[in-house]
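Engineer: Residue numbers (full-length UniProt numbering): 1 to 623.
I have a structure here, written as structure tokens, and I will follow up with some questions on it.
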Ligand code: ADP
């Protein structure tokens, strides 16, 4: 796995592990606190119960404590001790002890001589009579002193009956004569304990349980016995041959030298009132005047369960709090991110707005400048158009100027004829030759009509046209131009050939301006061929798609090759000053361009110049 991915996984797992660790610590601390708090209460009540148990034990045993002394006061007892072998005295003492035993309710009452041998006993006449037995190995014999009662718990070696032995030395002066012993049953005490709600035990100095509310524990040990203790117990024949095995109590914690938390093995109370399984508080107390210890156990499992419950709740609560904290932090971070994003957005928006405002202002300024430029351009264009149309008009007038000599000649002929005819008419009228007069007058009419036609054509040609295109028949325009140039063509004996595809073609142009172009080009051709023997002009027109191509070819000297590329530039002329302006071709090219066509100049292969133009057809709108 890539280290980065491992880190990412760790980063995701760490907070969870941390939260679980915190929850575990909280649960642990809560458990301890809850446990300790309940423990102090439990300890108080356990101490109280211990008092009660101790008091009941003292009461039970204490009622018999004085009977050994009572024995020492009796005359028959003292008499027997004075003479232990006297059988009469022994019978008297036996009777006394039997009566005493019956009266006080002890198990047995008996008398030892100073060597530890039983010399009289309450059960002198029973099968288990102690009389004659040597009990010097019993600690109560060994520990017995004058004026005090030694206590001992053990199992009877004769009748195997357990009991509590109370013994005191009987003395005369400093002389110990014997030992008075009563054996007490603790069954009553045991029965009262059995009904208790939690276990209680009485253990001897070795930790052997001598009294217990749990029958199974009796003659068990709280801790394993060492060899010395076992030897001591065997010597005193205290518990006969009992195994004295540990009951299985384990100490978990010492609260003080008398109070422990222990775990008990699972054994029910004698009447099943409680179970000893689990945690218990063991509160102990040394019983006065005995090497014994009284221990009462208090069940801690409920308290433990409660503390565990608190711990679980606290753990879950802390997990919940941590979860809420994490959610809150995440929401805060999320909110922070949203706010930051919103601020960034706002900033971007503001920036954009100011940029848009700047751009808008710049655009407005540009727009204003463009508008002014457009206005300026339109103005310029208008001026240019005006200038162009002025130029066209000037060119036309110049052409008219060139025509003027021919026109004058054209008009002079009919005028001279008119003068002759009118003069002749008067003379023939005087002679009365009316037929001749009529004939002359009839010849006047076509002359005048021809003159009218000429001036009409001149007027039409000279008028200023708008330049708007319309459908125009090519043939008619050619005829009008040739009519105006008639004198010049005739004078030069120019052979004019017209070759139009299909006889005639419609063009889409301004007729007046197209006439100006043809007049200019044919006029130039005539000029160029002037003086030549064989002067010919061929005008051919062909359809080429949406256009009509018109070629005007002459057999003059042709165009100077070095000028071919500059033929349409203004002010180039080879004509004499006053004859040519050098604007004719420039204006013609401009007019054709305005029609949407083109005018080019070249030299024909067989010599002579060729001017070719394309003009949109008038078969419909020029598209
Ligand atoms: P202009 O006729 O006033 O001289 P144009 O612009 O009409 O002005 O013609 C410019 C010149 O082009 C003419 O002077 C002539 O030298 C030359 N040119 C025009 N047409 C022809 C032609 N068909 N053959 C030879 N040269 C020509």
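Cβ atoms here follow ideal geometry from the backbone N, Cα and C, with glycine treated the same way.
(1) For residue 169, name the three-state secondary structure that DSSP assigns.
(2) With a cut-off of 8 angstroms on the beta carbons, I'd call residue 78 and residue 86 a contact; round off their distance for me.
(3) Looking at C-alpha atoms only, which residue of 199, 319, 424, 257 is the closest neighbour of residue 53?
(4) Which runs of the alpha helix (DSSP H), 4 residues or longer, sit entirely within the region 106 to 193?
(5) According to DSSP, which residues form a beta bridge with residue 261?
(6) Report yes if the C-beta of residue 497 is less than 7 angstroms from at least one heavy atom of the ligand ADP; otherwise report no.
(7) Pull up the distance between the alpha-carbon of residue 574 and that of residue 448, whole angstroms please.
(8) To the nearest angstrom, how far is the alpha carbon of residue 620 from that of residue 504?
(9) My output table needs one value for residue 596: the three-state DSSP class, helix, strand or coil.
(10) By a C-beta neighbour count over all protein chains shown, 10 Å radius and 16 as the cutoff for buried, is residue 396 buried or exposed?
(11) Might you give, ordered along the chain, the residues of its own chain that have their beta carbon closer than 7 angstroms to the beta carbon of residue 484, omitting 5 neighbours on each side?
(12) Ends of the beta strand (DSSP E) at residue 572?
(13) Cβ-heavy atom distance between residue 512 and the ligand ADP below 7 angstroms?
(14) Figure out for me which residue from 36, 526, 17, 343 has the closest Cα to the Cα of residue 311.
(15) The ligand ADP heavy atoms versus the CB of residue 525: any closer than 7 angstroms?
(16) Given a cut-off of 8 angstroms, decide if residue 513 and residue 615 are closer than it, judged by their beta-carbon atoms.
(17) Given this structure, state the Cα-to-Cα distance separating residue 598 from residue 522, to the nearest angstrom.
(18) Just verifying my parser: in three-state terms, what is the DSSP assignment at residue 446?
(19) If you drop the 5 nearest sequence neighbours on each side, which residues of the same chain put their C-beta closer than 8 angstroms to that of residue 137?
(20) For residue 609, which beta-bridge partners are listed by DSSP?
(21) Measuring alpha carbon to alpha carbon, tell me which residue in 394, 109, 314 is nearest residue 463.
(22) Does residue 183 pass the burial test, meaning 16 or more other C-beta atoms within 10 Å, or should it be called exposed?
(23) Taking the Cβ atom as the reference point for each residue, do residue 502 and residue 389 lie within a distance shorter than 8 angstroms?
(24) Consult DSSP for residue 68 and reduce its assignment to one of helix, strand or coil.
(25) Output needed for residue 480: all residues of its chain with C-beta closer than 7 angstroms, excluding positions within five of it in sequence on either side, in chain order.
(26) Measuring from the CB of residue 394, is there a heavy atom of the ligand ADP at a distance below 7 angstroms?
(27) Given a threshold of 16 other Cβ atoms within 10 Å of its Cβ, counted over all protein chains shown, does residue 193 qualify as buried or as exposed?
(28) Where does residue 102 fall in DSSP's three states?
(29) Relative to the ligand ADP, is the shortest distance from any of its heavy atoms to the C-beta of residue 464 smaller than 7 angstroms?
Structural biologist: Here's the rundown:
(1) The count along the chain shown starts at 1 and reaches residue 169 at position 169. Here residue 169 sits in strand by DSSP.
(2) As a working mapping, residue 78 is identified with position 78 in the chain shown. As a working mapping, residue 86 is identified with position 86 in the chain shown. Incorrect: roughly 12 angstroms between the Cβ atoms, too far for contact.
(3) Here residue 53 corresponds to residue number 53 of the chain shown, with the count starting at 1. The shortest Cα separation from residue 53 among 199, 319, 424, 257 belongs to 199.
(4) 139 to 143
(5) Position 261 of the chain shown, counting from 1, holds the residue named residue 261. According to DSSP, which records beta bridges pairwise, residue 261 is partnered with 253, 281.
(6) Position 497 of the chain shown, counted from the start, is the residue given in the question as residue 497. For residue 497, the CB stays at least 7 angstroms from every heavy atom of the ligand ADP.
(7) Walking along the chain shown from the start, residue 574 turns up at place 574. Walking along the chain shown from the start, residue 448 turns up at place 448. In a straight line, the C-alpha of residue 574 is about 38 angstroms away from that of residue 448.
(8) Mapped onto the chain shown, residue 620 falls at position 620. Mapped onto the chain shown, residue 504 falls at position 504. Only weak support exists for where residue 620 lies, its pLDDT of 47 falling under 50; the value from the coordinates is given anyway. For residue 620 and residue 504, the distance between alpha carbons rounds to 15 angstroms.
(9) Working through the chain shown from its first residue, we reach residue 596 at position 596. Residue state, collapsed to three classes: coil.
(10) Counting from 1 along the chain shown, the entry for residue 396 is found at position 396. Residue 396 comes out buried.
(11) For the purposes of this step, residue 484 is taken as the residue at position 484 of the chain shown. Cβ neighbours of residue 484 beyond the five flanking positions: 403, 457, 461, 519.
(12) Counting from one through the chain shown, the residue named residue 572 turns up at place 572. Taken as a continuous stretch (DSSP letters only), residue 572 belongs to no beta strand (DSSP E), as it is neither H nor E.
(13) The residue you call residue 512 lines up with position 512 of the chain shown. No, the Cβ of residue 512 stays beyond 7 angstroms of every heavy atom of the ligand ADP.
(14) Within the chain shown, the letter at position 311 stands for residue 311. Considering only alpha carbons, the answer is 36.
(15) Here residue 525 is taken as the residue at index 525 of the chain shown, counted from 1. Yes - the ligand ADP has a heavy atom lying nearer than 7 angstroms to the Cβ of residue 525.
(16) The residue labelled residue 615 in the question sits at position 615 within the chain shown. The residue labelled residue 513 in the question sits at position 513 within the chain shown. Not closer than 8 angstroms, so no.
(17) As a working mapping, residue 598 is identified with position 598 in the chain shown. As a working mapping, residue 522 is identified with position 522 in the chain shown. Going by C-alpha positions, residue 598 is about 17 angstroms away from residue 522.
(18) For the purposes of this step, residue 446 is taken as the residue at position 446 of the chain shown. If DSSP states are grouped into helix, strand and coil, residue 446 belongs with the helices.
(19) Working through the chain shown from its first residue, we reach residue 137 at position 137. Around residue 137: 116, 235, 236, 237.
(20) In the chain shown, the residue the question calls residue 609 occupies position 609. Paired residue(s): 603.
(21) Stepping through the chain shown from its first residue, residue 463 is reached at position 463. Taking only the C-alpha atoms, the option nearest residue 463 is 394.
(22) Working through the chain shown from its first residue, we reach residue 183 at position 183. Residue 183 should be labelled buried.
(23) What you label residue 502 is simply residue 502 of the chain shown in a count that begins at 1. What you label residue 389 is simply residue 389 of the chain shown in a count that begins at 1. Not closer than 8 angstroms, so no.
(24) To locate residue 68, count along the chain shown from 1; it is residue 68. Correct three-state label for residue 68: helix.
(25) For this step, residue 480 is matched to residue 480 along the chain shown. Taken in chain order, the residues that qualify are 457, 515.
(26) To locate residue 394, count along the chain shown from 1; it is residue 394. No, the Cβ of residue 394 stays beyond 7 angstroms of every heavy atom of the ligand ADP.
(27) Here residue 193 corresponds to residue number 193 of the chain shown, with the count starting at 1. Buried, because 16 or more other Cβ atoms sit within 10 Å of the Cβ of residue 193.
(28) For the purposes of this step, residue 102 is identified with residue 102 of the chain shown, where counting begins at 1. Here residue 102 sits in helix by DSSP.
(29) As a working note, residue 464 is residue 464 in the chain shown. No, the ligand ADP has no heavy atom inside 7 angstroms of this Cβ.
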